[in-house]
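Chains as they are written, first to last, in the numbering used here: chain D, 129 to 554; chain Z, 129 to 554.
Even for Gly, the Cβ is constructed at its ideal location relative to N, Cα and C.
Computed from a prediction, not measured in an experiment: that's the story for all the values here.
Here is the structure we will look at, set down as structure tokens.
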């Protein structure tokens with residue numbers, strides 16, 4: 129038996145706003161940040177669990193404080209008891225009758241729970257000497273559904289539905305694991321498309337993306353429609369007709385504006401329009417989805433949790449579901465969302481970029497491929513070539529794919545030197 | 129000209145869990161708390177602005193830290209410039225491109241903005257020597273709509289719609305102000321109905337409620353259906369057929385369970401079922417509303433903001449809309465919600481209780497009566513007889529009505545001695 133000894137948190141911020149990396153129609157000057165947690169135990173195996181919440185600067189201190197506030201739920205507890213029943217651990221945190229008032233089940237407190245849940249999954253994977261995707265993909269369907277809280281989900285997905293999906297995917301697991309290790313998982317890149325870049329830089333980065341093997345890129349839109357048309361034309365001319373081009377409005381529009389704006393961009397063969405409006409506006413997404421068809425609507429990076437995703441699916445409000453590794457309450461909730469998407473037959477194309485989101489979320493898509501949907505068709509993980517050098521096991525992306533990580537853990541461990549150097553000191 | 133000098137925050141917690149006041153099906157042991165803010169200026173008028181976020185204990189420190197994080201938006205700023213354009217002030221806070229990542233526009237950061245916005249309204253009202261309700265009710269329709277951010281609302285409520293509603297209510301303002309001052313605004317009481325109380329205490333408090341002039345009470349439900357039937361029968365027998373009895377499940381159920389459970393309680397002539405399921409589940413509320421008809425569905429105390437309220441209205445998911453003074457980003461956003469409700473013809477019956485929520489929210493209903501809907505029909509403000517003694521201008525409730533406050537301000541100022549005594553020290 130071992131015991132949790134410390135829950136160390138740190139407010140880490142990278143001054144990315146100086147380069148206008150990450151600039152879009154709503155986020156003018158992000159400083160990519162991580163509210164970081166390391167959970168240590170008294171075991172002598174040398175393992176600790178790492179997790180974080182990604183934010184874009186101001187407020188990262190509040191997010192860090194929220195993680196720290198969970199210490200009483202952790203310090204002194206039996207590690208094996210938690211790791212053997214991650215479903216109960218999740219429910220205990222999310223169900224804290226006082227803390228849930230701050231959400232419930234969304235926002236700062238929910239994301240803090242996600243950091244801690246992810247850190248414990250990191251520890252579990254390290255103890256098993258497995259990358260997280262493989263640890264998850266080797267669990268039985270029964271063990272997987274035990275991770276999920278089905279409260280509020282059963283009108284769309286029951287425990288039996290989930291079991292059926294997982295059992296149907298059991299036969300091909302070994303084949304797909306081998307396939308994943310050989311071929312990787314498809315990626316697309318947002319690197320060319322930030323609003324703050326010049327046309328020259330956009331074209332250059334588009335050429336580089338294609339040369340690097342990406343089959344899809346994404347451009348930020350929503351600042352000025354004439355600029356968007358110009359940039360889109362330039363991008364399309366640069367990459368040719370065979371490369372998919374997604375667009376991302378970062379919540380800029382209301383319903384009518386979204387439909388009009390995308391009408392003006394429709395000639396460029398758009399792969400999807402992402403976050404056309406407020407991320408909580410299910411009914412507006414549904415109206416926009418109708419109005420911009422056949423352009424698919426994508427959303428999810430700001431979706432607070434499984435109840436919102438459930439409704440987006442029920443309302444036919446999205447055609448592409450974008451999970452994020454740190455927006456919801458960790459691995460358990462993201463598995464629930466993967467199963468919801470599978471039930472509705474909607475592809476999951478994770479949001480990534482930021483700090484360490486690529487490192488983290490790839491595990492979930494790889495698990496999905498092996499144990500849930502059994503396919504990568506129509507699926508692609510976002511990739512942005514920023515800040516990977518700060519991680520112990522950075523993503524390995526080449527030839528337009530994520531190569532499956534083989535190092536134990538969830539990928540979220542940041543180098544100690546980087547944590548120290550970028551600790552925010554006000 | 130004067131300048132904001134300090135933004136003082138304090139983590140205040142009352143140990144209410146010791147009495148099981150406030151116990152319900154999801155909140156077993158709340159410690160009613162306030163993440164409190166006082167904003168001071170260098171004016172020599174002696175006025176400061178007070179606001180808070182209500183929470184139920186753990187996490188109040190995080191909420192307090194979130195308010196404190198807004199200091200850079202406030203300290204050193206020109207007070208009159210803010211007070212003369214509260215719409216721009218609101219947009220500046222909600223639109224902070226980095227902080228909004230933590231929501232967006234919901235949860236801890238959004239509520240923190242609400243505390244600060246409400247505190248500035250308190251200051252504005254004190255400077256005008258008016259209670260907040262009267263300050264608001266004397267603003268022109270144009271001034272009122274300038275407070276509102278219509279982004280994401282225009283598919284349901286445009287600026288012109290809002291102006292039309294407000295202009296239609298202009299003629300009778302003076303008459304209704306006099307009427308309000310004479311007769312007050314209808315209240316109902318939740319005091320009898322907490323789950324933690326014995327049957328004897330329930331019956332006694334029901335009798336007292338009727339003797340005190342209340343025409344409606346509310347019972348918590350959702351713990352055990354047989355207990356609920358017994359308690360409901362007891363309450364109905366005690367108060368007789370003419371007193372309305374609401375029920376509140378505090379998010380306990382999924383869709384089917386809500387419909388079945390309320391079917392078993394329907395014989396008792398239920399005024400409404402409140403929070404039957406997850407507060408973000410618009411589609412589930414809509415399904416429940418159909419399934420439990422003619423029992424009305426009420427919700428809102430955990431509704432994160434105007435975009436969610438808009439959808440609840442669009443989806444016919446509620447028949448009673450329950451604003452809360454501290455869940456959204458303050459007075460401005462609550463006015464947007466009052467106007468949405470007016471547009472859809474849905475009565476607003478505010479959530480109150482907790483710490484100081486009665487003191488705060490009454491101003492909004494009174495403003496609604498005078499300047500928005502012009503009626504109190506079908507409307508009633510929650511009242512719970514707890515903790516009022518800690519406020520400088522406690523609510524004046526008797527004969528089943530809230531008597532309109534006449535003291536300047538928003539009602540949220542807590543006695544300095546109480547703030548000191550109940551400061552949480554870990």
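Residues that residue i contacts on chain Z, provided the C-beta gap is smaller than 8 angstroms
i	result
residue 280 of chain D	382, 405, 406, 409 and 412
residue 237 of chain D	187, 190, 235 and 236
residue 415 of chain D	283
residue 193 of chain D	189, 190 and 193
Contact list for residue i against chain Z, beta-carbon separation under 7 angstroms
i	result
residue 227 of chain D	186 and 187
residue 435 of chain D	406, 408 and 409
Chain Z within 7 angstroms of residue i, Cβ atoms only
i	result
residue 283 of chain D	yes
residue 467 of chain D	no
residue 147 of chain D	no
residue 318 of chain D	no
residue 183 of chain D	yes
residue 439 of chain D	yes
residue 544 of chain D	no
residue 617 of chain D	With chain D covering only 129 through 554, there is no way to say anything about residue 617 of chain D.
Residue i - DSSP class collapsed to helix/strand/coil
i	result
residue 320 of chain Z	strand
residue 326 of chain D	coil
residue 178 of chain D	strand
residue 345 of chain Z	strand
residue 161 of chain Z	strand
residue 200 of chain Z	helix
residue 396 of chain D	helix
residue 333 of chain Z	helix
residue 424 of chain D	coil
residue 369 of chain Z	coil
residue 457 of chain Z	coil
residue 286 of chain D	coil
residue 401 of chain D	strand
residue 469 of chain Z	helix
residue 356 of chain Z	helix
residue 382 of chain Z	coil
residue 376 of chain Z	strand
residue 192 of chain Z	helix
residue 551 of chain D	strand
Neighbour list for residue i in chain D, Cβ cutoff strictly below 7 angstroms
i	result
residue 430 of chain Z	232
Cβ-heavy atom distance, residue i to the ligand PLP, below 6 angstroms
i	result
residue 248 of chain D	No copy of the ligand PLP occurs in the structure displayed, which carries no ligand at all.
Neighbour flag for residue i against chain D, beta carbons, 7 angstroms
i	result
residue 426 of chain Z	no
residue 292 of chain Z	no
residue 490 of chain Z	no
residue 442 of chain Z	yes
Beta-bridge partners of residue i, as assigned by DSSP
i	result
residue 136 of chain D	D/166
residue 526 of chain Z	Z/529
residue 141 of chain D	D/161
residue 536 of chain D	Per DSSP, none; premise fails for residue 536 of chain D.
residue 519 of chain Z	Z/542
residue 476 of chain Z	Z/449
residue 511 of chain D	D/317
residue 269 of chain Z	None, per the DSSP bridge assignment.
residue 183 of chain Z	Z/161
residue 131 of chain D	D/206
Within chain D, partners of residue i - CB distance below 9 angstroms
i	result
residue 158 of chain Z	225, 226 and 229
residue 197 of chain Z	186, 187, 189 and 190
Chain-ordered chain D contacts of residue i [CB-CB under 8 angstroms]
i	result
residue 379 of chain Z	232
Within-7 angstroms CB hit, residue i to chain B
i	result
residue 429 of chain Z	Looking at the structure shown, chain B is missing, and the protein chains on hand are D and Z.
Spell out a yes or no on whether the region 278–297 of chain D and the region 474–487 of chain D are touching, meaning 3 or more CB-CB pairs, one atom from each, closer than 8 angstroms. no
How do the region 258–270 of chain Z and the region 207–223 of chain D stand: do at least 3 beta-carbon pairs fall below 8 angstroms, yes or no? no
Whether or not the region 523–530 of chain D and the region 238–253 of chain D are in contact is what I'm after, with contact meaning three or more pairs of Cβ atoms, one per stretch, closer than 8 angstroms; do they touch? no
Using 8 angstroms as the Cβ pair cut-off and three pairs as the minimum, do the region 339–348 of chain Z and the region 538–547 of chain Z touch? no
With three or more C-beta pairs closer than 8 angstroms as the rule, is the region 457–469 of chain Z touching the region 427–437 of chain Z? yes
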